[in-house]
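Undergrad:
Residue numbers (the working numbering): 33 to 376.
1) At the level of alpha carbons, what is the spacing between residue 102 and residue 307?
2) Taking residue 239 as part of the alpha helix (DSSP H), name the residues at either end of that continuous run.
3) On the CB-based measure, 16 or more other CB atoms within 10 Å of its CB, does residue 110 come out buried or exposed?
4) Take the Cβ of residue 164 as the centre, count every other Cβ of all protein chains shown within 10 Å, and call the residue buried at 16 or more, exposed below.
5) Between residue 328 and residue 255, what straight-line distance do the alpha-carbon atoms span, to the nearest angstrom?
6) Work out the CA separation of residue 240 and residue 331 for me, nearest whole Å.
7) Do you know how far the Cα of residue 132 is from the Cα of residue 278?
8) May I ask you to report which of helix, strand or coil DSSP gives residue 206?
9) Quick one: complete alpha helix (DSSP H) runs, 4+ long, within the stretch 161–193?
10) Can the beta-carbon of residue 172 be found closer than 8 angstroms to that of residue 179?
11) Measure the C-alpha to C-alpha separation of residue 369 and residue 363 and round it to an integer number of angstroms.
12) Could you tell me whether the stretch 342–359 touches the stretch 191–209, using the rule of 3 or more Cβ pairs below 8 angstroms?
13) Does the stretch 253–270 come within contact of the stretch 210–229, defined as at least 3 CB pairs closer than 8 angstroms?
14) Just to confirm, are residue 322 and residue 302 a CB contact at a threshold of 8 angstroms?
15) Write down the C-beta distance between residue 194 and residue 269 rounded to the nearest angstrom, noting that I regard them as a contact closer than 8 angstroms.
16) Starting from residue 247, follow the alpha helix (DSSP H) in both directions and report where the run begins and ends.
17) Within the continuous beta strand (DSSP E) that includes residue 111, where are the two ends?
18) Going residue by residue through the stretch 285–318, where are the continuous beta strand (DSSP E) segments of at least 3 residues, counting only ones entirely within it?
19) Select from 49, 77 and 246 the residue whose C-alpha is nearest the C-alpha of residue 356.
20) So, with DSSP's three-state summary, where would you put residue 74?
21) Buried or exposed: which applies to residue 280, given that a residue is buried once 16 or more other Cβ atoms fall within 10 Å of its Cβ?
22) If you draw a straight line from the alpha carbon of residue 174 to that of residue 104, how long is it in whole angstroms?
23) With distances taken Cα to Cα, identify the nearest neighbour of residue 271 among 100, 361, 168 and 210.
24) Which value, in whole angstroms, describes the spacing of the CA atoms of residue 19 and residue 320?
25) From the DSSP secondary-structure annotation, give me the bridge partner or partners of residue 332.
26) Beta strand (DSSP E) containing residue 92: first to last residue?
27) Do residue 106 and residue 129 count as a contact pair if the criterion is CB distance below 8 angstroms?
28) Check the C-beta distance from residue 371 over to residue 152 and give it rounded, since I have them as a contact under 8 angstroms.
29) Considering only residues of the stretch 132–165, which uninterrupted alpha helix (DSSP H) runs meet the minimum length of 4 residues and lie entirely inside it, listed in chain order?
30) Based on DSSP bridge pairs, tell me the residues matched to residue 375.
31) So, with DSSP's three-state summary, where would you put residue 253?
32) When you compare the CB positions of residue 60 and residue 147, do they come within less than 8 angstroms of one another, or not?
33) What residue from 156, 79 and 74 has the CA that sits closest to residue 373's CA?
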């Protein structure tokens, strides 16, 4: 049942996707879909350049309702570049005007395939648990590589995240955030000890010291500090999957379009900002105090006065904050299986 708080968000998404579904079904019904030719291998097109691809691009964007102008010019002009820039963001690319085969492949996906993708995600939004006890919640969308913080049904803050690799999939579930841990130890999972650390120790007797690690009760842990794999803070919502949010020293990965690199947990691009938002319920935790705790080198756990719902979701089609339809790649290959279940 779709109701208050997160349920209202799900309901708005469901209704919006339903309208988009009708539009893509009509495109499919009309037939004669335009396929934009690809550039030569590794080619890119910049504004001001000309190409025989451009008239096809204009026609396809008009067919998808991204552009109104029926101009058939082969010049990649400023106006078209602006449309491409906005459209690229809807498919999860950087919002620049560089025209590439990766983008063309996305807009070439047939309308029938997009209708199936929309149907699958309408079903997923029906699964979001309604929460009537909290005024705020966190939503992480795995294929979007994005975390959003909601208050009063509105996204008030967002940042990029890194999620699990396809072989270490981040689990879809909901929980309640209970703790913020500053300057955390990283208790290394047994699987990583066996696959990475023990082989590393065989090759290099100083492996633990060089990685700021130590044995602790038969397990390996990494000491707090800027080199810690969890960074300077982690956010816990206890669950059987041992999934949590955390900082990371590997900041460069947040600049990638596709960000499935972790062992399963979720790395946050702006952890200090997230800590400030979460701890605003405890005024004694000022930004200065938060920064000091993150850099103290001594682990400190803060228990929240009010638990914050967290939902880890998987949506490859959704509406953004402007109500625009977005598509993302099915990084864990889950759409087809759900589609088959719906069809059955």
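Virtual Cβ for every residue (Gly too), placed ideally from N, Cα, C.
TA: Looking at the atomic coordinates:
1) 49 angstroms
2) 239–242
3) exposed
4) Confidence is the limiting factor: at residue 164 the pLDDT is only 47, short of 50, which leaves the residue's position unreliable, though a coordinate-based value still follows. Residue 164 should be labelled exposed.
5) 12 angstroms
6) 19 angstroms
7) 33 angstroms
8) strand
9) none
10) yes
11) 13 angstroms
12) yes
13) yes
14) no
15) Contact doesn't hold; Cβ gap of about 18 angstroms is too wide.
16) It is not in any alpha helix (DSSP H) - residue 247 instead sits in the beta strand (DSSP E) that spans 245–248.
17) Note, residue 111: premise wrong, no beta strand (DSSP E); alpha helix (DSSP H) at 110–122.
18) 292–294 and 298–300
19) 49
20) coil
21) buried
22) 38 angstroms
23) 210
24) Since the first and last residues shown for the chain are 33 and 376, residue 19 lies out of range.
25) 214
26) Not the beta strand (DSSP E): residue 92 falls in the alpha helix (DSSP H), residues 85–95.
27) no
28) 5 angstroms
29) 133–139 and 143–159
30) The partner list for residue 375 (beta bridge, DSSP) is empty, contrary to what the question assumes.
31) strand
32) yes
33) 156
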